[in-house]
Structures are given as structure tokens and as C-alpha cells.
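Numbering (my numbering), first residue to last: 49 to 92. For reference, the structure is listed below as C-alpha cells.
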């Protein structure tokens, strides 16, 4: 996987979820986010 900062990773995940076109990419991003211990949801 291309090296991304945590912010870039979350932004890419949110964008992929929003468009919903490539499920494999979404799953890979989700797996990486989980492995880093990041929560992709926004706090309001």
C-alpha cells in the first residue's frame, strides 16, 4: 500500500464510502484504518 498519513487515509476512506464504487478499495482502507487504531467517523 502507498504510504499515507492518517488524515489522508481517513479522507480517502470517507471519499470511497461516499462514492461507493470500488468495494475492494474500501475494504483495504478499512483494514488499514483498523490496524492503525483510527476511528474514521467524525465527531460532532
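Yeah, the Cβ is synthetic: ideal placement off N, Cα and C, and Gly gets one too.
- At the C-beta level, residue 88 and residue 79 stay beyond 9 Å of one another.
- A distance below 7 Å between beta-carbons, with the five flanking residues on each side excluded, links residue 84 to the following residues of its chain, in chain order: 54.
- Assignment of residue 81 by DSSP, reduced to helix, strand and coil, places it in the helix class.
- In the displayed model, residue 52 falls within coil according to three-state DSSP, outside both helix and strand.
- Less than 9 Å separates the beta-carbon of residue 60 from that of residue 52.
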